[in-house]
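Engineer:
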Amino acid sequence: MAPKDSNCIFCKIVDGDIPSYKVYEDEHVMAFLDVGPLSHGHTLVIPKGHWVTLDQVPEQVGAAIGKVLPKIAKAVCKVTGIEDYNILQNNGSAAHQAVGHVHFHIIPKTADSGLGIDWPSGKLDGELAADLVANITQAL
Ligand SMILES: [Zn+2]
16 MAPKDSNCIF CKIVDGDIPS YKVYEDEHVM AFLDVGPLSH GHTLVIPKGH WVTLDQVPEQ
76 VGAAIGKVLP KIAKAVCKVT GIEDYNILQN NGSAAHQAVG HVHFHIIPKT ADSGLGIDWP
136 SGKLDGELAA DLVANITQAL
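Start counting the sequence shown at 16; every next residue gets the next number (the working numbering).
(1) Does the beta carbon of GLY115 fall short of 8 Å from some heavy atom of ligand 1?
(2) Cα separation between GLY51 and GLY64?
(3) Tell me which residues share the same chain as HIS116 and place their Cβ nearer than 6 Å to its Cβ, disregarding the 5 neighbours each side in the sequence.
(4) Taking only three categories from DSSP, how would you classify SER108?
(5) What do you reckon, are the CB atoms on ASP99 and LYS82 nearer than 9 Å?
(6) Within its chain, find whatever has a CB closer than 8 Å to the CB of LEU162; leave out the 5 residues flanking it on each side and keep chain order.
(7) Could you give the residue range of the beta strand (DSSP E) that holds ILE122?
(8) Measuring only the C-alpha atoms, how far is VAL38 from LEU155?
(9) If you check the beta carbons only, do PRO62 and VAL91 fall under 9 Å apart?
(10) On the criterion of 16 or more Cβ atoms from any shown chain inside 10 Å, does HIS57 qualify as buried, or is it exposed?
(11) How would you call ALA46, buried or exposed, if buried means at least 16 neighbouring beta carbons within 10 angstroms?
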C-alpha cells in the first residue's frame, strides 16, 4: 500500500477529491496539466503514493515513472507542436519545491515561454572530483 498524506494536494488529486486535467494514469503513476503553466502543455507526472523527495521513492515506483516520462513528453510535444522542453524535478524548498509530493514537470520551451534558467556554473576541481566519485560510488 502506497503512503498517503491527507493534507497533500497531489494525494487529493490522486484520490479524485480535487479535480484535475488528467492525461495519464497507471498503477503507480499519474499525469495531469499544471494549473499554473509556464507554457502551453505544461504537465506534471507524479507517483500516486506520497513521497516528498525523489530519493525516498521506491525503486519500482521510480522505474514506473521513468518508463512513462518519455511517452508523455512525446505526446505533449506532438500535441503542442513544441519540440523543445525541460524536465524539471525539484527536491526541498531551497530547490524551489512548492508541493511536498514528488513531481516531474514537463515544460515545453519556446523563445518566449517555458522555464527560465540561471545556470551559474563553476569549475570542477580534480581532487574534489576524485573524492566525490569515491564517496558517491561507496554510498550507492
Ligand atoms: Zn501527496
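For glycine and all other residues, C-beta sits at the position ideal for the given N, C-alpha and C.
Structural biologist: Let's see:
(1) For the purposes of this step, residue 115 is identified with residue 100 of the sequence shown, where counting begins at 1. Yes; taking the cut-off as 8 Å, the Cβ of GLY115 has a heavy atom of ligand 1 nearer than that.
(2) Taking the first residue of the sequence shown as 1, we reach residue 51 at position 36. Taking the first residue of the sequence shown as 1, we reach residue 64 at position 49. Between GLY51 and GLY64, the C-alpha separation is close to 22 Å.
(3) As a working mapping, residue 116 is identified with position 101 in the sequence shown. Result list for HIS116: CYS23, PHE25 and HIS65, in chain order.
(4) Residue mapping note: residue 108 aligns to position 93 of the sequence shown, counting from 1. If DSSP states are grouped into helix, strand and coil, SER108 belongs with the helices.
(5) What you label residue 99 is simply residue 84 of the sequence shown in a count that begins at 1. What you label residue 82 is simply residue 67 of the sequence shown in a count that begins at 1. Not a contact, by the Cβ cut-off of 9 Å.
(6) Any answer about residue 162 is impossible in this case: the structure gives the chain only from 16 up to 155.
(7) Reading the sequence shown from its first residue, position 107 is the one you call residue 122. 119-123 is the extent of the beta strand (DSSP E) around ILE122.
(8) Along the sequence shown, one-based indexing puts residue 38 at 23. Along the sequence shown, one-based indexing puts residue 155 at 140. Spanning the two alpha carbons is a distance of roughly 34 Å.
(9) The sequence position of residue 62 within the sequence shown is 47, counting from 1. The sequence position of residue 91 within the sequence shown is 76, counting from 1. Result no, Cβ atoms of PRO62 and VAL91 do not sit closer than 9 Å.
(10) Walking along the sequence shown from the start, residue 57 turns up at place 42. It is buried - the Cβ of HIS57 has at least 16 other Cβ atoms within 10 Å.
(11) As a first step, residue 46 must be located in the sequence shown, where it is residue number 31. That one is buried.
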